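Report on the structure given below.
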Amino acid sequence: MRVPPGVSPADFAEAIKQLEGAISKEWVFTSDEDVDPYRDAYSPVWNEEEEPIPSAAVAPDGVEQVQAIIRVANKYQIPLWTISTGKNLGYGGSAPLLGGSVVLDLKRMNRVLEIDEKNHYALLEPGVSYFDLYRYIQDRKLKVWIDPPDPGWGSPVGNSLERGGGYTPMHDHFDAVCGMEVVLPNGEVMRTGMGALPGSKTWQQYKYGFGPYVTPIFSQSNFGVVTKMGIWLFPEPEAYLSGTVQVWKRDDLMPLVEIFTELVSSGTMRGCTTLAGPWFGPPNPELDPLRASGSVTAMEDYGRRKDIPFWSLPLPFYGPAKVIAAQWEYTKGKFSSIPGVTFQDGPSYRFPLSAEEVPKIRDTVPLGIPSLQIFSLLPPQSHGHIGFSPIIPMSGQALLEALELFDGVHSELGSGRAVLTILSSFPRAFVIIDLFPVERDVEKNRKTREIYRRLIKVAAARGWGEYRTHTTFMGDISNTYSFNNHALRHFHETIKDAVDPNGILSPGKCGIWPKRMRKAEA
Ligand SMILES: Cc1cc2nc3c(=O)[nH]c(=O)nc-3n(C[C@H](O)[C@H](O)[C@H](O)COP(=O)(O)OP(=O)(O)OC[C@H]3O[C@@H](n4cnc5c(N)ncnc54)[C@H](O)[C@@H]3O)c2cc1C
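Counted from 1, the sequence shown has number 487 at position 477 by the working numbering; the numbering is strictly sequential.
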């Protein structure tokens, strides 16, 4: 049996016995057969010495059991790695950052505790998946939507804590969080926001409560185990309509993004979209020779001949049918200032959709219907991918600079990307998701890590940082957020030392190590 670092086999065996006593033997996993599924299937360090393989996993059924596990972990200084549904593929999956940690798997805590159809919120346990929540709503014919990310098998709790995103107007998932229950590393149960008021009637309606607003410090952190979370839902809209804006010259990107930014900031465009620029995509035998020529005019001419816009911007609108039709007309008017712009009307729907309509829809995720279709849309890869995900200013100039810079690193180091997506997941900034294939090949993965680390550095040198990363690179990214001699990390560590003196929760998460494991500053 593997053991956590710094814990003797005898102590670990005793701790396992106590965990079994606390939550029953059936839900404490120690055999290789049971623990191996917690390895990260998309690991860029697969089968290498540094692959962080857990020593065991525990799956409690309720808050009291979480508290009991935390008591045992404190007694024996056992590192726990919390997951909700553990589908964080591309960013670490269900594996810990520190090898030998015990995975605290909350999948059995999968109750939908409340849904308010009139006030549009839900109170959930961590193991509730997007599919579960969708089914719960459909079974009761409630007039509310969820906002799933591309794969629907993850959880609103895990995804929101990672500050993930979807596509409907509720696409910024952490922004939609309202009130949490958290088991602190000392075993105490705390409720944030209005939940701190016993008998509160507005825990899921008003985020801030009274005094310092602490809910966000439990996202991308290791300060607590979230056992309940409130999320805001989207009232089922009357209709959906989409249209695409196409521009044909590279430098049309500047006015395109400027107008888009105004539409987003003013609330005219509330969904999340993906800006497509095929000249900056993954390798493409048709486009590659022209890309290599570096001639923008040649690319533009080719695009016009072959009907490939230099940039395409699909825009989704949600709301009353008349209002969104007017929004699309208004939007077209705004973009008409770009010479040569063209528009394409996309699909439109009225809700609720009929049972016959749903299977005919190519991508249901922007309509609040979870799916796993994304896996069939990705280019074939041997084993998976990891995402390099920097936040870039919402300006055409910055985007162009970033794409050229990242392309340069890829071609200099001879790497292929799987997919490149430019998303408007957050207000006022773009996130680029540059997907790297991950292989079961040590040499190729070593190369991928080298390129990834180079990208982190070149991005940081331009003032662009990642919004989220794979566990393998959390330390690297944290090192780039270094203003004033790492003042932010010191603050995180001060909180960590105060709330988790034994350093039991998710050591290393986002670069935050407990005192006893902290290395000299990079
Ligand atoms: C093809 C593909 C497409 C993807 N598309 C998207 C997308 O559109 N949007 C998106 O956001 N992501 C996307 N992802 C990434 C990922 O799959 C999702 O974000 C997924 O929802 C995360 O898994 P999860 O919900 O099971 O979270 P988990 O794996 O359960 O949790 C994620 C992390 O949050 C922390 N955590 C979880 N639960 C708790 C808790 N209760 N208390 C304290 N800390 C906790 C842990 O550090 C954990 O590692 C994609 C991945 C793939 C492979």
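Virtual Cβ for every residue (Gly too), placed ideally from N, Cα, C.
Computed from a prediction, not measured in an experiment: that's the story for all the values here.
In the structure shown, Gln87 falls within a coil segment according to DSSP collapsed to helix, strand and coil.
Using a 10 angstroms sphere on the CB of Thr482, the tally of other CB atoms reaches 16 or more, which defines it as buried. Taken through DSSP and simplified to helix, strand or coil, Ala69 comes out as coil. Sixteen is the threshold: since fewer than 16 other Cβ atoms of the shown chains lie within 10 Å of the Cβ of Met527, the residue is exposed. With distances taken between CA atoms, Ile505 lies nearest to Ser231 out of Ser231, Thr92, Gly406. Distances taken from the Cβ of Ile93 to the heavy atoms of ligand 1 include one shorter than 6 angstroms. Note that the C-beta distance between Val235 and Val76 is below 7 angstroms. Here Asn57 is exposed: its Cβ has fewer than 16 other Cβ atoms, across all protein chains shown, within 10 Å. Distances from the alpha-carbon of Gly102 to those of Leu133, Gly518, Ser18 put Gly518 closest. The alpha-carbon separation between Gly96 and Ser322 amounts to approximately 34 angstroms.
Rounded to the nearest whole angstrom, the CA to CA distance from Thr374 to Gly176 is 12 angstroms. Apart from the 5 residues on each side of it in sequence, Asp160 sits with its Cβ closer than 7 angstroms to the Cβ of Val375, Ile384 in its chain, given in chain order. Between Ala439 and Pro403 the beta-carbon gap is near 6 angstroms, inside 8 angstroms, which marks them as a contact. In this structure, Val236 has its beta carbon less than 6 angstroms from a heavy atom of ligand 1. Secondary structure of Pro265 (DSSP, three-state): helix. In the pairwise beta carbon analysis, the stretch 209-228 is classified as not touching the stretch 259-270: fewer than three pairs are separated by under 8 angstroms.
Nearest neighbour of Leu433 by Cα position, chosen from Phe361, Tyr340, Phe270, turns out to be Phe270. Counting every other CB atom within 10 Å of its CB across the protein chains shown gives Ala51 a total below 16, marking it as exposed.
With a cut-off of 8 angstroms on Cβ pairs, the stretch 246-256 is not in contact with the stretch 293-304, counting fewer than three such pairs. Proximity of the beta carbon of Leu114 to ligand 1 is not indicated: no heavy atom of the ligand is located closer than 6 angstroms.
With a beta-carbon spacing of about 14 angstroms, Trp155 and Phe141 fall beyond the 8 angstroms limit used to define contacts. Look at Lys344 here: in three-state DSSP terms it is helix.
Assigned with DSSP and collapsed to three states, Ile93 falls in strand.
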